[in-house]
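Top to bottom, those sequences are chains G and B. What the first sequence shows, in the working numbering, is residues 47 to 633, in sequence order. What the second sequence shows, in the working numbering, is residues 17 to 473, in sequence order. Single-structure report; data block below.
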Amino acid sequence: MKIIGKIYGINGPIVTMRGNLGFMMSEMVYVGEKRLVGEVIALTKEVTTVQVFEETTGLKPGENVEGTGRPLCVTLAPGILNNIFDGIERPLQLIGEKNGAYIPRGVTVDLLDRQKKWQAKILVKIGDKVSGGNIIAEVPETTAIVHKVMVPPKVEGIVTRVVEDGAYTIDDTLVTIQTESGEQQLNMTQQWPIRIPRPIQKRYPADRPLVTGQRILDTLFPIAKGGTAALPGGFGTGKTMTQHQLAKWCDADIIIYIGCGERGNEMTNVLEEFSQLIDPKNGSFMMERTVLIANTSNMPVAAREASIYTGLTLAEYYRDMGYHVAIMADSTSRWAEALRELSGRLEEMPAEEGFPAYLASRLSAFYERAGYVENLNGSDGSVTIIGAVSPQGGDFSEPVTQHTKRFVRCFLALDKSLAYARHYPAINWLTSYAEYLNDLEPWYIANVGKDFISCRNELMNILTTESRLNEIVKLIGSDVLPDDQKLVLEIARVIRLGFLQQNAFHAEDTFVPMEKQLKMMEVILYLNEKCQSLIGMGMPMAILREQNIFEKIIAIKYEVANKELDKFETYRQLIDEFYQKLIELNA
Amino acid sequence: MGIEYLGLSEINGPLIVLEGVQDAFYEEMVEFVVEGNEIKKGRIVALEEDKAVIQVFDTTDNMSLKNTHTRLTGHPMEIGLSEEILGRTFNGMGVPIDGLGKIKPEVVRDVNGLPMNPCTREYPRNYIQTGISAIDGLTTLIRGQKLPIFSGNGLPHDQLAAQIVEQASLGADSEEEFGIVFAAMGVKYDVAEFFRRRFEESGAASHVTMFLNLSNDSVVERLITPKVALTAAEYLAFEKNMHILVILTDMTSYAEAMREVSSLKGEIPSRKGYPGYLYSELATLYERAGIVKGCKGSVTQIPILTMPNDDITHPIPDLTGYITEGQIVLERALHQKNVYPPINVLPSLSRLMKDGIGEKYTREDHQDVANQLFSSYARVGEARDLASVIGEEELSPTDKKYLEFGTAFEQQFVAQGQNENRSMEETLSIGWQLLHILPKEELDRIDTRLLEKYWEE
């Protein structure tokens, strides 16, 4: 029996009904004649409150609200990849084909293509005992990713019938199992409520990095697979660019890009670019392993709130198959603002800056869904969350940034003054931090080089010293510093320009493998060592500068291709020559 | 339909409460007849069973709880459109006020618009030459972009906007049709008059549609003005294949109006008293810029907003910056140095620039020159700070060069005449000239190949 209520009041995206009608919390409902999708968010004896995921213009009091008896779910099946959805998993491409340039109210489309036949290879046979998470079939979803059809969690039984390998739609039964409560048919589709994390076996500690090819991240502030990172920055500091770079180059198998309350043109750009960009790993298109969730800023606010959870659930589903998934959430502030907006409409008591008091617990619940885990079927998978934060006025003391800081372990602070000077990525190396560094140290030592961590610390040391010296320079100018301190400033400049700055539009510089990162560090530090020894002999900095060696080292990022790592030897020779020359000249 | 309700339950400023309403829907338009002759319009903003809260697009003077008849119109706020709207002037609700009579509508459109599907958008790539170096060179305007001007009271943002409109539209390919939609929200009469005169003088007046809500007009009408204007713009762009530049001024008044009405409704305020939905409301306006796949036309927005107390972190510029694709920031200090246009290039930005410039569009060295100018000018700030502490004399020779570069950059690159229309070549060559002031080693943002090629010229 479906529960039906009548609309009593309408206030923006919030619709209320009189009385205790028997709806469940978080139940998905259809509102009004146009059957707008909504969700029950509060229940009292007097009033049932529903948030509507579409514009409510035209809705009338007295229209029906129909319950569905289940919470707001996403449909999980082949067809998710290489697709673009709105905040509640409606395919935008299809809506575009059906309805033209604009998204009308109350569109009803299938979430995933129900006609398309997928080539399935069945992996179980009659008599097998299967339980939640077990893979029953494999479907090549795109050229890059094999979709693994799994038994839904909490389902268990003995296989009694299987179909032949072949082409099936997502609704066709593949396997029939005998459970304790009777026969159950399994197809490619699962439903899962977006607000509930999918179950796992256990969580692993974070001990493998998410390799991004971005020097400042991999070297200074690494993110672990299954870790969480926040990317806060005022407008124009390059949050979106950094997220695009990470999405393109990080070594996750699958990318879920959530455009939450962001610009329409940006989403179009991601879609266009990823559809043309060749994935360096397997030569297919980037979109083949990407899902875009686009809830632009002008789409209804309640769906913006849901979009984050939709993305997370899709990510967890692919993780369950044993993939490494990275979520780019751009931006979590827009999500927090959606919470604030809805909370205001519900006339809840506001806490800090008008945000509801439950902001912190929602944020923590969101970030805790990341992790490197052992799945129910025994495979390993991970969900890494990289959330952009758009602090009001670029001020990091505002509630969303502050609470986020408590729940993430990698904090990449984007800096306005760096962005103004067009130093990209504009990640401030003094205010950022990564707690994963210690956890990842064994991995770096085993896989990159023994001296990686010590080089990294040395680099950081020079940069911190520079910032201390800059305080003095601001007061009295750099000319009066002693030569050893001038050298620190010069080497720090080499590090900033030649190492930290990375050009996303340069074919070689856009992605840099770990080995080259290490070699670059070593050369810079080698230069530092030689210069120190020259200064120690009493040579003034001005003479060192004349030789142009610093500029040559800065240019390494462009001059040495990622595959020509042996070229670094010539740079060492160059430094040696420079050293010898100065000694001869000034001896 | 035709039911008329006699009397009202409550009047509070521009808000009216009417009880016993049947079959009303959210955001429906209503018509009031006051004293049997005066007609006013309103819109339902909240509904609770048979109680409707209505915003009146006019003053509520003369209205009493007894003398008013209310009629539901059965449709949301709509506007009739046809190509005749070009060259005409309307009030904030789309009613002609130029004395030339009504227009014959070809279509009727809901002003609320619908969100554009990201899949059917076309990513904007064609740049618009504005003839202003600071914009063309460093924050290039792209067709289909929304690029606001962040200004302050007393700064020449109106002149700048007028200059952009004149030079951009006249300079464009003559083959393509262009048009301007101008929406004034709570601006002074003089400002509206200034734009009208400038459009007339430049001969663009016949391509301009003006929607005027002056500072003494209704606050509620102000909330609808930009929506009406953008509906007109979308119609001209996507149905009549025109390239439309939309000027929205002043967004600050628009946001103030929203706060005023929100507080009357008794809503819970968030930052600085603005309602929690300020971001969503601004976004529904700004996001209406763009290009639709398969359409020839485009909507480009140049909203103008005056930052209260010149504070860029105030909620209005702050939220705007998060939605728009960049911003052009005017600075008082430059204005005082008599630099026109007083654009502070450092916080200014065009997000779409990277894809609309370079070899295929402008010139291969454009991006590098722009990066170098930005980076060098940022360094000028540091040198100036230092000079103010230790004196110019004590600066290192390089820093002195930077000071020289800074002044020259402001006087020659940023500053230009109010009618000066520079070509892209001119802009870039001024850029290169200025970079010659600095030692060649300092130019670390320019690809060595380009540096060799253009340095000698």
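Yeah, the Cβ is synthetic: ideal placement off N, Cα and C, and Gly gets one too. These numbers come from a predicted model, not from an experiment.
Q) Since P268 (chain G) contacts C119 (chain G) with CB under 8 Å, what's their CB separation in whole angstroms? A) The Cβ separation is near 36 Å, so there is no contact.
Q | Residue-chain proximity (M345 (chain G), chain B), Cβ-Cβ < 8 Å | A | yes
Q: Apply the 10 Å Cβ neighbour rule to M345 (chain G) and answer buried if 16 or more other Cβ atoms are within range, or exposed otherwise.
A: buried
(Q) On the CB-based measure, 16 or more other CB atoms within 10 Å of its CB, does F624 (chain G) come out buried or exposed? (A) buried
Q: Report the rounded CA-to-CA distance for G558 (chain G) versus I191 (chain G), giving the unit in angstroms.
A: Reading off the sequence, residue 558 (chain G) comes out as Val, not Gly. Looking at the two C-alpha atoms, the distance is approximately 25 Å.
Q: Going by DSSP, name the residue or residues bridged to R249 (chain G).
A: G:V419
Q. Is the shortest distance between the beta-carbon of M132 (chain B) and the beta-carbons of chain G less than 8 Å?
A. yes
Q | Complete runs of the alpha helix (DSSP H) confined to the stretch 410-462 of chain G [at least 4 residues] | A | 445-453
Q.
Can you list, in chain order, the residues of its chain with a C-beta nearer than 7 Å to that of Y54 (chain G)? Leave out the 5 residues immediately preceding and following it.
A. T62, M63, R64, P107
**Q.** Closer than 7 Å at the beta carbon, the chain B residues around K294 (chain G)
**A.** Residues of chain B passing the Cβ test: none, with the nearest at roughly 15 Å.
**Q.** Short-range partners of chain G found in the stretch 390-404 of chain B, where Cβ spacing is below 7 Å
**A.** F390, S391, A394, D401, L402
Q: Keeping to the same chain, check which residues put their C-beta closer than 8 Å to that of A411 (chain G); ignore five residues upstream and five downstream.
A: There are no such residues.
Q. Would F551 (chain G) be called buried (16 or more neighbouring beta carbons within 10 Å of its own) or exposed?
A. F551 (chain G) is exposed by the Cβ-count criterion.
Q. Between the C-alpha atoms of R338 (chain B) and T378 (chain G), what's the straight-line distance to the nearest angstrom?
A. Here the sequence assigns Tyr to residue 338 (chain B), which means Arg is not the residue at that position. Their Cα atoms are separated by approximately 13 Å.
Q. Going by DSSP, which residues form a beta bridge with F624 (chain G)?
A. Its beta-bridge partners do not exist; DSSP assigns none.
Q: Could you pull out every residue in the same chain whose Cβ sits closer than 6 Å to the Cβ of T167 (chain B), ignoring the five residues on either side in sequence?
A: Correcting the residue identity first, residue 167 (chain B) is Ser in this sequence and not Thr. Correct list, in chain order: H173, T322, L346.
Q.
To test your reading of the DSSP string, which unbroken alpha helix (DSSP H) runs of 4 or more residues are found completely within the stretch 414-458 of chain B?
A. Listed in chain order, the complete alpha helix (DSSP H) runs (minimum 4 residues) inside the stretch 414-458 of chain B are 440-451.
(Q) Between which two residues does the beta strand (DSSP E) holding M201 (chain B) run? (A) 194-203
Q: Would you verify that the beta carbon of L362 (chain B) is, or is not, closer than 8 Å to some beta carbon of chain G?
A: yes
Q: Could you pull out every unbroken alpha helix (DSSP H) segment of at least 4 residues lying fully inside the stretch 357-388 of chain B, listed in chain order?
A: 369-372
Q: Determine the burial state of T300 (chain B): buried for a count of at least 16 other Cβ atoms within 10 Å of its Cβ, exposed for fewer.
A: Here T300 (chain B) is buried, its C-beta having at least 16 other C-beta atoms within 10 Å.
Q: Using a Cβ cut-off of 8 Å, pull out every chain G residue sitting near V308 (chain B), in sequence order please.
A: A147
Q) What residue from G:I621, G:G307, G:R335 has the CA that sits closest to A349 (chain G)'s CA? A) G:G307
(Q) Taking beta-carbon pairs under 8 Å, can you tell me which members of the stretch 61-88 of chain B lie near chain G? (A) A62, L63, E64, E65, D66
Q: Give a yes or no on whether the minimum CB-CB distance between L365 (chain B) and chain G is below 8 Å.
A: yes
(Q) Using only the alpha-carbon positions, how far apart do K565 (chain G) and G259 (chain G) sit? (A) Distance between K565 (chain G) and G259 (chain G), taken at the CA atoms: about 14 Å.
Q) Where DSSP assigns a beta bridge to N110 (chain G), which residues make up the other side? A) G:K52
Q: Pull up the distance between the alpha-carbon of Q161 (chain B) and that of H290 (chain G), whole angstroms please.
A: 20 Å
Q.
Determine, for A273 (chain B), whether the minimum Cβ-Cβ distance to residues of chain G falls below 8 Å.
A. no
Q: May I ask you to list the residues that DSSP assigns as paired with F596 (chain G)?
A: In DSSP, F596 (chain G) forms no bridge with anything.
Q: Could you have a look at T356 (chain G) and say whether DSSP puts it in helix, strand or coil?
A: helix
(Q) Considering only their Cβ atoms, is the gap separating Q231 (chain G) from T206 (chain G) smaller than 8 Å? (A) no
Q) Is A62 (chain B) helix, strand or coil by DSSP? A) DSSP places A62 (chain B) in strand when its eight states are reduced to three.
Q. Looking at the C-beta of G677 (chain G), does it have a partner C-beta in chain B at a distance below 8 Å?
A. Shown here, chain G extends from 47 to 633; a query on residue 677 (chain G) therefore has no answer.
Q. Candidates G:A276, G:A270, G:N180, G:K52: which alpha carbon is nearest M196 (chain G)'s?
A. Comparing Cα-Cα distances from M196 (chain G) to each of G:A276, G:A270, G:N180, G:K52, the minimum goes to G:N180.
Q: Measure the Cβ-Cβ separation of H351 (chain B) and L154 (chain B) and say whether it is below 8 Å.
A: Going by beta carbons, H351 (chain B) and L154 (chain B) fall outside the 8 Å limit.
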